Amino acid sequence: MNDFKHHIDRLRSSGLRPTKQRLTICKVLFDRKDTFHFTIDKLKKKIEKNTKSKISLATVYNTVYAFKNNGYLKEISLQGNKTFFDTNSTNHHHFYDQDTGDLMDIKNEDILLNKLPLAPKGKKIKKVEVTISLANNNHNQKYKNN
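In the numbering used here, the protein residues as written are 11 to 156.
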């Protein structure tokens, strides 16, 4: 299946009409080999820079949330009301650098979760995702994300 048809199918399965602007959003989000994190504002700026034309913030917002609601994107909400989206929609963990505002993946095998509390009666644990906040220190340690 070619990428163009795949983008049209992705939009339609998300309940969206495949307009030129929405297809552009698909290309920016999904025509990459690597996954990445973004905010809606940064995605809008990236699209406008790549296409050299304006795109409505509402179009970007509605398209991103439609993709999130259909499992194509993951939403990561941080304290302080900062919301990122991730093109890697699998369950995984993150570092959040408070100094730079960057969000970085942590490999699942690098986090050991060997003792979780029991869920309250009538409930089950759906998922566990850890976000570790970082700040600068005197030792300038960096996590290598291989």
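Virtual Cβ for every residue (Gly too), placed ideally from N, Cα, C. In this text, all values refer to a predicted model and were calculated from it rather than measured experimentally.
Span separating the alpha-carbon of residue i from that of residue j
i   : j    : result
M11 : N146 : Here the model assigns M11 a pLDDT of 46, short of 50, so the residue's position is not dependable and the matter cannot be decided.
V38 : E139 : 26 angstroms
N60 : I135 : 41 angstroms
N98 : T34  : 19 angstroms
Residue j beta carbon less than 9 angstroms from that of residue i
i   : j   : result
R20 : F40 : yes
Which of helix, strand or coil DSSP assigns to residue i
i   : result
I18 : helix
L88 : strand
R27 : coil
T49 : coil
Y71 : helix
Candidates the options, of which the one nearest residue i by Cα
i    : options                   : result
F46  : Q108, K134, T100 and K136 : T100
I116 : H103, N124, K55 and L122  : H103
D96  : G90, V74, G111 and D107   : V74
R42  : A129, R22, H17 and L26    : H17
Near the ligand GDP: residue i beta-carbon under 8 angstroms from a heavy atom
i   : result
R22 : The model depicted lacks the ligand GDP and carries no ligand whatsoever.
Cβ distance (whole Å) where residue i is taken to contact residue j below 8 angstroms
i   : j   : result
I50 : Y71 : 5 angstroms
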